[in-house]
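These notes concern the structure reproduced below.
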């Protein structure tokens, strides 16, 4: 009985460690993607405010309208 419990604990410990690694990897990826989104948003804001007088692409009507 004790051997069975030790085996179960070992498997559960391994599963927790694996899941912890996955969560840490996802957190790093989310941080990276957040930084990329911020850079892109900043670039777009700068592009829209550069004074060209054009309508931002996001505000333009599609050609089929």
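Residue numbers (my numbering): 37 to 101. Just so it is clear, CB atoms sit at the ideal spot from N, CA and C, and this is done for glycine as well.
Length of the line joining the Cα atoms of residue i and residue j
| i | j | result |
| --- | --- | --- |
| residue 82 | residue 76 | 10 Å |
| residue 98 | residue 80 | 19 Å |
| residue 42 | residue 59 | 26 Å |
| residue 72 | residue 45 | 40 Å |
Residue i, DSSP secondary structure in three states
| i | result |
| --- | --- |
| residue 100 | coil |
| residue 57 | helix |
| residue 86 | coil |
6 Å CB neighbourhood of residue i in its chain, flanking five on each side removed
| i | result |
| --- | --- |
| residue 55 | none |
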